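Visitor:
2 protein chains.
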Amino acid sequence: MTKIDTDAFLRDLYELREIGRFKTGVHRPTYSPQDMESRRWLMDRLAACGLEASIDGIGNVYGRHKGPGPHLLVGSHIETQNEAGWLDGALGVMAGVALARAGLPVDVCAFADEEGHFEGGFLGSRSIAGELTEAEIDRSRNRTDGTPLRDALAAAGLAGKKRMTLEPGRHKGFYEMHIEQGTQLEGQGLRLGVVTGIVAIWQWRIEITGMQDHAGGTTMAERRDAGLAAVRLLAAIDAEFPRISGERSTWTTGRIALDPGAPSIIPGKADVLFQFRDVSVPVLERMETGLRWLVRESNRRERCTARLEAISKAIPAVCDPAMMKALEAAAEAHAPGLWQPMPSGAGHDAQVIARKMPASMLFVPSIGGISHHWAEDTKDEDLALGVTVLGAAAERFLAA
Amino acid sequence: MTKIDTDAFLRDLYELREIGRFKTGVHRPTYSPQDMESRRWLMDRLAACGLEASIDGIGNVYGRHKGPGPHLLVGSHIETQNEAGWLDGALGVMAGVALARAGLPVDVCAFADEEGHFEGGFLGSRSIAGELTEAEIDRSRNRTDGTPLRDALAAAGLAGKKRMTLEPGRHKGFYEMHIEQGTQLEGQGLRLGVVTGIVAIWQWRIEITGMQDHAGGTTMAERRDAGLAAVRLLAAIDAEFPRISGERSTWTTGRIALDPGAPSIIPGKADVLFQFRDVSVPVLERMETGLRWLVRESNRRERCTARLEAISKAIPAVCDPAMMKALEAAAEAHAPGLWQPMPSGAGHDAQVIARKMPASMLFVPSIGGISHHWAEDTKDEDLALGVTVLGAAAERFLAA
Chain A
1 MTKIDTDAFL RDLYELREIG RFKTGVHRPT YSPQDMESRR WLMDRLAACG LEASIDGIGN
61 VYGRHKGPGP HLLVGSHIET QNEAGWLDGA LGVMAGVALA RAGLPVDVCA FADEEGHFEG
121 GFLGSRSIAG ELTEAEIDRS RNRTDGTPLR DALAAAGLAG KKRMTLEPGR HKGFYEMHIE
181 QGTQLEGQGL RLGVVTGIVA IWQWRIEITG MQDHAGGTTM AERRDAGLAA VRLLAAIDAE
241 FPRISGERST WTTGRIALDP GAPSIIPGKA DVLFQFRDVS VPVLERMETG LRWLVRESNR
301 RERCTARLEA ISKAIPAVCD PAMMKALEAA AEAHAPGLWQ PMPSGAGHDA QVIARKMPAS
361 MLFVPSIGGI SHHWAEDTKD EDLALGVTVL GAAAERFLAA
Chain B
401 MTKIDTDAFL RDLYELREIG RFKTGVHRPT YSPQDMESRR WLMDRLAACG LEASIDGIGN
461 VYGRHKGPGP HLLVGSHIET QNEAGWLDGA LGVMAGVALA RAGLPVDVCA FADEEGHFEG
521 GFLGSRSIAG ELTEAEIDRS RNRTDGTPLR DALAAAGLAG KKRMTLEPGR HKGFYEMHIE
581 QGTQLEGQGL RLGVVTGIVA IWQWRIEITG MQDHAGGTTM AERRDAGLAA VRLLAAIDAE
641 FPRISGERST WTTGRIALDP GAPSIIPGKA DVLFQFRDVS VPVLERMETG LRWLVRESNR
701 RERCTARLEA ISKAIPAVCD PAMMKALEAA AEAHAPGLWQ PMPSGAGHDA QVIARKMPAS
761 MLFVPSIGGI SHHWAEDTKD EDLALGVTVL GAAAERFLAA
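Chains as they are written, first to last, in this note's numbering: chain A, 1 to 400; chain B, 401 to 800.
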């Protein structure tokens, strides 16, 4: 059985942590100088492991195993959110490097802009999956400062470079190791999570129209307060969703905006952003059915009109059973009773790659559940256990 | 009995409407060139009626009756909201001019910035009541563009002018005629409203603190969603307030803001602006008691903390019974059965002047309840009836 050099793996992570360091975390926005430096550093690491290293026109860094297959693809992303953590993404990339260093037949990839600094989302993984058009790249701009993606690519020296695509049939599957970014593992004293699937987000906008009017001069009986109708609809959703949701579903109202939003004016409009997530399509459909009748019921009772709009309805990415089985066996062998199957509530490159090949993810605990923050952290021994289990699972799966 | 020249009164109103005309309404923000033109025009009208006309350091225009008392004070405001109506304020000022023209012993006043273009509110009436300090004028800025009040006064040619105060004991009472700005009169086929009092606004801020977190990675059981706690508290207020409010109370949530307000982030903070209004202090206190225990109950049940802050608690201005009696008698004489007593849901200069002398208001219908909009309007015959009744009431009250 191949032994993973966990010391070298941790050394890699700590070395990468120095590029764009911010307090105990990292600031490496996509295509920034620090991000490009980390990509060049990664290519050196890949070459040192005997892989053929390259960077493509969207910034994907790829290390191609030179020997025969069957191959696995292992990776994640290497840029970070602003002033954020040192492990989110980097962990999965360096785990790939660790597996390659150990001689396993893996290609390693760092998919550009999983963190979505630029409009579009998952640009790198979608590009390598053949889903990103030139037109979309032309349109995309930085979400923070509006820089066109084309300009950022040019400034990073990537203009005119070809974009790579996955070689059909080359990989038996894709493994991504990642921090949990939640508190489930830590809270239950567990050390590993075998991901069952990546939830789909069904994102909605609810627009409520009433009648703007004077808060003093308009009686309670005659007013058509869109903010109040929104409150009552959201309270009804809060009461009803536990009945219809799945065991691990989440539903969230991220934004409520009243118009005009002044203290003495009855709101004539309310704008709500509401989403729910689950890994099962029947459950998602059940929640949609519930949401729709709650809106219908609101329109039956209220003097304001609610309009429901689906902004996006992603498809859950189900992890491959055989890959999961290999992870579970490896987890049980190395940390008996200290792992659980669980969905990923957050999006990952794996959900894109899953459209092209079997995919699976392995979680390690997040201390305090913190992520997208420079205080993000995981104990060294959990990082080491994770990459060990990943290596063992990769071997099992390749042999199966 | 003194006869009010309603033709001249309407002519005055239509002439004033031309200054700063905007569609069928008027755009005369405080201290703007159009506003200052209207104040000069008003001083001419006051002088033409035999009054001693002046303008003071805050922009109050005053017409002082030259003969013996007892005197009444009659007035309102002459500036408008942006692109708003032709009658809001102007009506009460020209009604004063009409009474003076008819020979009644009235002083007429147009109090500056009742509409609150500058921070502070009711600057003119508070100034003449001796309640506006130089320090407050120093601090005040335009709410729309931040222009310091001092700069606006200087640009209007008012810098260095003394500010007038009411002569103690000179006036038996203050009458303000105003459009209703609601639909009560029109809706019930009535032509006049004898105002019982001006509601006080008790304005609150409710700040709810939870824990910002990932909408996908955080389970429903562990999240501390400040937006949801806000929704549930507001729904509870909506359910409870009808039990404890007064017959004509209003309560309104004008603003809800979730932080950070992003679709995939559980709000860690919610900020709510909530107010209630009534003309009775015991009722206001009952609603405060209710609000406080609803917040306490929220803090008992929720995992988020709600903090209640009183931003302002005005005192209702009760109208003088003798002045009201005179209005009622005049209304019944001129429009039998077509009037009602009613509170004013909106603030007026009368609430400030009421702190210095007996005060009372007379409402005329607003077509469609529209105000603070250029489509604001009232039928000529209702305007004429109103000023006739005001004149008759003034006579009765002076004689009583």
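Heads up, the beta-carbon is just placed ideally off N, CA and C, and yes, glycines get one too.
This structure is a prediction, so every number in the text was calculated from the model and none was measured.
Using a Cβ cut-off of 8 Å, pull out every chain A residue sitting near B:T778, in sequence order please.
Guide: Taking the first residue of the second sequence as 1, we reach residue 778 of chain B at position 378. What B:T778 touches in chain A: nothing, since even the nearest Cβ is about 14 Å away.
Visitor: For B:Q588, does the count of other Cβ atoms within 10 angstroms reach 16, so buried, or fall short, so exposed?
Guide: In the second sequence, residue 588 of chain B corresponds to position 188, counting from 1. Result: exposed.
Visitor: Let me know the secondary structure DSSP gives A:S54 once reduced to three states.
Guide: In the first sequence, the residue the question calls residue 54 of chain A occupies position 54. It is a strand residue.
Visitor: Would you please verify whether the beta carbon of B:L633 is less than 7 Å from any beta carbon of chain A?
Guide: As a working mapping, residue 633 of chain B is identified with position 233 in the second sequence. Not closer than 7 Å to any Cβ of chain A, the Cβ of B:L633 fails to qualify, so no.
Visitor: How big is the Cα-Cα spacing for B:K562 and B:L658?
Guide: Sequence index remark: in the second sequence, residue 562 of chain B carries index 162 (1-based). Sequence index remark: in the second sequence, residue 658 of chain B carries index 258 (1-based). So the two alpha carbons sit approximately 46 Å from each other.
Visitor: Using a Cβ-Cβ cutoff of less than 7 Å, which residues in the same chain neighbour B:E536 once the five nearest sequence positions on both sides are dropped?
Guide: One-based indexing of the second sequence puts residue 536 of chain B at position 136. G520, listed in sequence order.
Visitor: How long is the line joining the alpha carbons of B:G557 and B:W651, rounded to whole angstroms?
Guide: Within the second sequence, residue 557 of chain B is the residue found at index 157, counting from 1. Within the second sequence, residue 651 of chain B is the residue found at index 251, counting from 1. So the alpha carbons of these two residues sit roughly 41 Å apart.
Visitor: Note down, in chain order, each residue of its chain lying with its Cβ closer than 8 Å to the Cβ of B:T583, except the 5 sequence neighbours on either side.
Guide: In the second sequence, residue 583 of chain B corresponds to position 183, counting from 1. Closer than 8 Å at Cβ, skipping near neighbours: S766, G768, G769.
Visitor: Our contact map puts B:W486 next to B:R417 with C-beta atoms below 8 Å; I'd like the distance itself, whole angstroms only.
Guide: The residue you call residue 486 of chain B lines up with position 86 of the second sequence. The residue you call residue 417 of chain B lines up with position 17 of the second sequence. Yes, B:W486 and B:R417 are in contact; Cβ-Cβ is about 4 Å, under 8 Å.
Visitor: Drop a sphere of 10 angstroms on the beta-carbon of B:Y414, count the other beta-carbons inside from all chains shown, and report buried for 16 or more, exposed for fewer.
Guide: Residue 414 of chain B sits at position 14 when you count from the first residue of the second sequence. Label assigned to B:Y414: exposed.
Visitor: I need the boundaries of the beta strand (DSSP E) containing A:V195, first residue and last residue.
Guide: The count along the first sequence starts at 1 and reaches residue 195 of chain A at position 195. Note, A:V195: beta strand (DSSP E), 192-198.
Visitor: Please return the same chain residues whose Cβ sits closer than 8 Å to the Cβ of A:K379, not counting the five positions on each side in sequence.
Guide: Locating residue 379 of chain A in the first sequence gives position 379, where the first residue counts as 1. Hits under 8 Å: P365, I367.
Visitor: Relative to the alpha-carbon of B:P667, which residue among B:R648, B:C704, B:D638, B:G627 has its alpha-carbon at the smallest distance?
Guide: As a first step, residue 667 of chain B is located in the second sequence; it is residue number 267 there, counting from the start. Here the closest residue by C-alpha is B:G627.
Visitor: What are the start and end residues of the beta strand (DSSP E) that includes A:Q340?
Guide: Residue 340 of chain A sits at position 340 when you count from the first residue of the first sequence. Taken as a continuous stretch (DSSP letters only), the beta strand (DSSP E) holding A:Q340 covers 339-344.
Visitor: So, do the stretch 711-731 of chain B and the stretch 619-626 of chain B have three or more beta carbon pairs nearer to each other than 8 Å?
Guide: Counting Cβ pairs under 8 Å, fewer than three are found: no touch.
Visitor: When the Cβ atoms of the stretch 561-576 of chain B are set against those of the stretch 633-645 of chain B, are three or more pairs found closer than 8 Å?
Guide: The stretch 561-576 of chain B is not in contact with the stretch 633-645 of chain B.
Visitor: So A:R223 packs on A:V272, CB below 8 Å; how close in whole Å?
Guide: Here residue 223 of chain A refers to the residue found at position 223 of the first sequence. Here residue 272 of chain A refers to the residue found at position 272 of the first sequence. Not confirmed; about 19 Å, so no contact.
Visitor: Pick out whichever of B:Q603, B:S744, B:D513, B:G560 has its Cα sitting closest to the Cα of B:V674.
Guide: Sequence index remark: in the second sequence, residue 674 of chain B carries index 274 (1-based). For the sequence presented, residue 674 of chain B should be read as Phe rather than Val. Here the closest residue by C-alpha is B:Q603.
Visitor: With 16 as the cutoff for other CB atoms within 10 Å, does B:G450 come out buried or exposed?
Guide: Stepping through the second sequence from its first residue, residue 450 of chain B is reached at position 50. With fewer than 16 Cβ atoms within 10 Å of its Cβ, B:G450 is classed as exposed.
Visitor: Which same chain residues end up closer than 6 Å to B:G530 when comparing Cβ atoms and leaving out the 5 residues on each side of it in sequence?
Guide: As a position in the second sequence, residue 530 of chain B is number 130, starting the count at 1. Around B:G530: T565.
Visitor: For B:R526, collect the residues of the same chain with a Cβ closer than 8 Å to its Cβ; drop the 5 residues on either side in sequence, then sort them by chain order.
Guide: Along the second sequence, read from residue 1 onward, the residue named residue 526 of chain B stands at position 126. Answer for B:R526: G520, L532, V752, listed in chain order.
Visitor: Have a look at A:I4 and A:V295 and give me their C-alpha separation to the nearest angstrom.
Guide: Working through the first sequence from its first residue, we reach residue 4 of chain A at position 4. Working through the first sequence from its first residue, we reach residue 295 of chain A at position 295. Looking at the two C-alpha atoms, the distance is approximately 54 Å.
Visitor: So, does the CB of A:T144 fall closer than 7 Å to a CB anywhere in chain B?
Guide: The residue labelled residue 144 of chain A in the question sits at position 144 within the first sequence. No, because no Cβ of chain B sits closer than 7 Å to the Cβ of A:T144.
Visitor: DSSP on B:T653, reduced to helix/strand/coil?
Guide: In the second sequence, counting from the first residue as 1, residue 653 of chain B sits at position 253. B:T653 falls in the strand class under three-state DSSP.
Visitor: Would you check if the distance between the CB atom of B:L686 and the CB atom of B:I644 is smaller than 7 Å?
Guide: Counted from its first residue, the second sequence places residue 686 of chain B at position 286. Counted from its first residue, the second sequence places residue 644 of chain B at position 244. Strictly speaking, residue 686 of chain B in this sequence is Arg, with Leu absent from that position. In this structure, B:I644 lies closer than 7 Å to B:R686 by Cβ.
Visitor: Can you pull the chain B residues whose beta carbon is under 7 Å from the beta carbon of A:R277, in chain order?
Guide: Numbered from its first residue, the first sequence carries residue 277 of chain A at position 277. Simply G616.
Visitor: Quick one: which unbroken beta strand (DSSP E) runs of 3-plus residues sit fully inside the stretch 757-781 of chain B? Chain order, please.
Guide: Qualifying beta strand (DSSP E) stretches, in chain order: 759-764.
Visitor: Quick one: Cα of A:E186 to Cα of A:G89, how far?
Guide: For the purposes of this step, residue 186 of chain A is taken as the residue at position 186 of the first sequence. For the purposes of this step, residue 89 of chain A is taken as the residue at position 89 of the first sequence. Their backbone Cα atoms lie some 19 Å apart in a straight line.
Visitor: Kindly list the residues whose CB is nearer than 7 Å to the CB of A:N299, restricted to its own chain and excluding five residues on each side of it in sequence; keep chain order.
Guide: Residue numbering aside, residue 299 of chain A sits at position 299 when the first sequence is read from its first letter. Same-chain partners within the cutoff: T305, A306.
Visitor: Helix, strand or coil: which one does DSSP assign to A:R232?
Guide: In the first sequence, residue 232 of chain A corresponds to position 232, counting from 1. A:R232: helix per DSSP, three-state reduction.
Visitor: Measuring CB atoms only, is the stretch 37-53 of chain A touching the stretch 98-105 of chain A, in the sense that at least three cross pairs come out at less than 8 Å?
Guide: Result yes; three or more Cβ-Cβ pairs closer than 8 Å.
Visitor: Is it buried or exposed for A:R143, if we count other Cβ within 10 angstroms and need 16 for buried?
Guide: As a working note, residue 143 of chain A is residue 143 in the first sequence. The residue is exposed, with fewer than 16 neighbouring Cβ atoms inside 10 Å.
Visitor: Given B:G492, which residues of its chain have a CB within under 7 Å of its CB, disregarding the five upstream and five downstream residues?
Guide: Translated into the one-based positions of the second sequence, residue 492 of chain B becomes position 92. Same-chain partners within the cutoff: G475, S476, E576, M577, H578.
Visitor: Within the same chain, show all residues whose beta-carbon is closer than 6 Å to that of B:A714, passing over the 5 residues directly before and after it, in chain order.
Guide: As a position in the second sequence, residue 714 of chain B is number 314, starting the count at 1. Around B:A714: A600, I601.
Visitor: Expressed to the nearest angstrom, what Euclidean distance is found between the alpha-carbon atoms of B:A555 and B:D777?
Guide: As a working mapping, residue 555 of chain B is identified with position 155 in the second sequence. As a working mapping, residue 777 of chain B is identified with position 377 in the second sequence. Going from the Cα of B:A555 to the Cα of B:D777 covers about 32 Å.
Visitor: Would you kindly work out how many angstroms separate the C-alpha atoms of B:S760 and B:M494, rounded to a whole number?
Guide: Looking up residue 760 of chain B in the second sequence gives position 360. Looking up residue 494 of chain B in the second sequence gives position 94. Near 17 Å, if we compare the C-alpha coordinates of B:M494 and B:S760.
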